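J.: Counting in full-length UniProt numbering, the sequence shown runs from 1 upward without gaps. All residues carry an ideal CB built from backbone N, CA and C; glycine is no exception. Keep in mind the model is a prediction, meaning the values are calculated, not measured.
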Amino acid sequence: MKKFVTDSGLGGLLPPSFPILLGLLVVAVSRVSIVATEKSGTPMHSVQLTQKGYIQFLRWELPVPEIHEFTFCLWVKSIDLEHPHSIFSYSRNERERLIRSWISSRGRSIHLEIGGLEVFRRPIRMQEHRWYHVCQSWENQVGRYALWLDGRLELQGRSEETIHYVIPGGGDIVLGQEYTDFDKGLEEGIEGSVLGFNLLLASAFNRLDNSHPEPALQPTITAGLPLTELPFVADIRTEVARRNAEKTTRASVVPMQLAFGPNWSRKISRRDDTRIRDNAVALPLRLSVVANDTRREETPPIHRRAIIFDDSIANAFGESSDAPLGLQLVKLSYVRCQLGRGSPPIGGQLMLISWTKTPVRVFGGAIVKNVGDECGKF
């Protein structure tokens with residue numbers, strides 16, 4: 001079994017670690033030591049992980065409420081796809097797996113599992129030494145889910161088994177490893193780099209009543225208070241309860257054309273210097289089709305309106321938008337990855353994890369590096 005390695009050379013199941021705030025510090029990590037330097041105009045940061053010899057991952061220590069819907073996005077680059085890569089793990093008591101998302105060995109598929117049930121398995125073909133933008137969204141009212149890869153909608157559908165399933169709160173959120181596998185060899189971790197992991201307690205799907213909450217300011221976590229007394233937790237619970245009350249009447253089957261509304265495309269445009277044009281017509285889109293492990297591009301016979309990115313959304317900082325919050329996260333984190341140094345300023349209390357604003361613990365000596373701000377070429 002692999003052990004965590006500390007500067008003292010002693011192995012253990014839970015090594016000493018330090019909480020860091022990626023948005024405020026320039027951090028260099030060597031094993032479990034951190035050198036922090038204050039700097040104005042803090043650059044973007046990636047975290048470099050390896051599972052060879054010792055185990056490295058990121059863990060967010062914060063109160064997690066019950067989850068009825070979510071959207072998460074991140075940038076990931078692998079340097080060795082021999083083993084599966086865990087890109088999001090939420091569990092309780094280091095045993096109970098509640099949410100799992102991973103890339104299979106050799107980069108052949110992406111998976112999402114909720115409550116022990118496989119929601120989807122999407123064949124893909126990932127390459128080593130290349131950045132990929134991955135987003136996934138799910139909601140429990142009618143079991144809708146979706147996967148985006150590099151701004152392209154790869155998959156959407158419904159999982160009847162997860163309808164009305166409520167993901168329990170009070171668990172551990174981990175990136176880079178399976179937090180339930182400490183009795184195993186733990187090869188199933190990220191061998192490479194990650195950037196811009198954000199977790200939003202809102203889906204990317206339009207509601208049938210077409211109502212959207214007003215995003216609020218990013219909450220501040222107060223250290224030293226019991227979890228039940230944190231005002232941030234109460235705000236999240238209130239907001240989730242309000243959203244659920246709004247969704248009490250639902251059709252048993254939701255047509256797929258209602259999933260994202262009429263003004264979406266399978267490929268998010270990077271034309272971020274032009275505002276949304278309602279009459280913009282998309283060119284024929286090339287879709288990825290996988291057959292016999294061979295990925296080919298096909299042009300569908302339909303035309304859709306293109307989403308041209310609106311600068312006003314980038315500067316919203318709490319203003320309402322017609323797009324669902326989850327879809328805003330998908331678009332902003334891909335087209336404008338520089339926003340908030342990897343953390344789009346949306347969602348308010350519903351942004352459970354912000355890459356630069358939520359303190360995170362670095363385990364096993366993962367290295368935090370300064371990177372450039374060109375999306376996909378960090």
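Compare the beta carbon distance of Ile353 and Ile173 with 8 Å and say whether it is the shorter of the two.
T.: yes
J.: Going straight from the alpha carbon of Glu374 to that of Gly342, what length do you get?
T.: 11 Å
J.: DSSP three-state label for Ser193, please.
T.: strand
J.: Can you check which of these residues, Glu128, Val371, Leu98, Arg152, is closest to His68 by C-alpha distance?
T.: Leu98
J.: Whole angstroms is fine: what's the gap from Leu175's alpha carbon to Glu188's?
T.: 11 Å
J.: Given a cut-off of 8 Å on the beta-carbon distance, is the pair Val335 and Ser46 in contact?
T.: Their beta carbons are not under 8 Å apart, which means Val335 does not touch Ser46 by this criterion.
J.: Who are Met44's beta bridge partners in DSSP?
T.: Val371
J.: State the Cα-Cα distance for the pair Gly151 and Gly170, rounded to the nearest angstrom.
T.: 32 Å
J.: So if DSSP puts Met351 in a beta bridge, which residue, or which two residues, is it bridged to?
T.: Leu200
J.: When the distance is taken between beta carbons, is Val134 closer than 8 Å to Cys73?
T.: yes
J.: For the beta strand (DSSP E) containing Tyr165, name the first residue and the last one.
T.: It is not in any beta strand (DSSP E) - Tyr165 carries neither H nor E in the DSSP assignment.
J.: Helix, strand or coil: which one does DSSP assign to Tyr90?
T.: strand
J.: Figure out for me which residue from Arg108, Gly365, Glu161 has the closest Cα to the Cα of Pro84.
T.: Arg108
J.: Do you know how far the Cα of Thr71 is from the Cα of Gln136?
T.: 6 Å
J.: In the DSSP assignment, find the unbroken alpha helix (DSSP H) run with Gly326 in it and report its ends.
T.: 325–335
J.: My guess is that Ile163 and Val76 are in contact by the Cβ rule of under 8 Å, so how many angstroms apart are they, rounded?
T.: Not quite, the Cβ-Cβ distance comes to about 30 Å (not below 8 Å), so this is no contact.
J.: Let me confirm a value: Val362 is counted as buried when at least 16 other C-beta atoms fall within 10 Å, else exposed. Which label applies?
T.: buried
J.: Exposed or buried, residue 381, counting other C-beta atoms within 10 Å across all chains shown (16 or more means buried)?
T.: Limits of the chain in this structure are 1 at one end and 378 at the other, which puts residue 381 out of reach.
J.: Per the DSSP calculation, Phe57 is bridged to which residue(s)?
T.: Paired residues: Phe363.
J.: Quick one: Cα of Glu161 to Cα of Ala146, how far?
T.: In a straight line, the C-alpha of Glu161 is about 15 Å away from that of Ala146.
J.: Return no unless some Cβ of chain D is closer than 8 Å to the Cβ of Gly115.
T.: Here chain D cannot be found, since the structure has a single protein chain.
J.: Determine whether the beta carbon atoms of residue 386 and Leu49 lie at a separation below 8 Å.
T.: In the structure as shown, the chain begins at 1 and stops at 378. Residue 386 is therefore absent and cannot be evaluated.
J.: Gly157 by DSSP, collapsed to three states: which one?
T.: strand
J.: Which full runs of the beta strand (DSSP E) of 3+ residues lie inside the region 123–155, going along the chain?
T.: 131–139, 144–149
J.: Using the Cβ count rule (16 or more neighbours within 10 Å means buried), how would you classify Leu199?
T.: buried
J.: For a test of the three-state rule: what should DSSP assign to Arg121, helix, strand or coil?
T.: strand
J.: Looking only at its own chain, which residues have a Cβ that is under 7 Å from the Cβ of Arg130, when we skip the five neighbours before and after it?
T.: Lys77
J.: If I follow the unbroken beta strand (DSSP E) through His83, where does it start and stop?
T.: Neither: His83 is in no beta strand (DSSP E) and is coded neither H nor E.
J.: Taking the CB atoms as reference points, tell me whether Leu350 and Leu201 lie closer together than 8 Å.
T.: yes
J.: On a CA-only basis, which of Val194, Pro168, Gln141 is nearest Phe88? Give me that one, please.
T.: Val194
J.: Let me make sure I understand the geometry here. Which of Cys337, Asn140, Pro123 has the alpha-carbon closest to that of Ile114?
T.: Asn140
J.: With DSSP collapsed to three states, give me the class of Ala291.
T.: Residue placement at Ala291 cannot be trusted, given a pLDDT of 47 that sits under 50; the coordinates are not used to answer.
J.: Work out the CA separation of Glu178 and Asn93 for me, nearest whole Å.
T.: 12 Å
J.: Contact defined as beta carbons within less than 8 Å: I believe Phe120 pairs with Gly157. What is the distance between those atoms, to the nearest angstrom?
T.: 7 Å
J.: Out of Gly364, Gly196, Phe378, Lys377, which has the shortest C-alpha to C-alpha gap to residue 388?
T.: Residue 388 falls outside the range modelled here, since the chain spans only 1 to 378, and no answer is possible.
J.: For Ile103, list the residues DSSP reports as bridge partners.
T.: His85, Ile110
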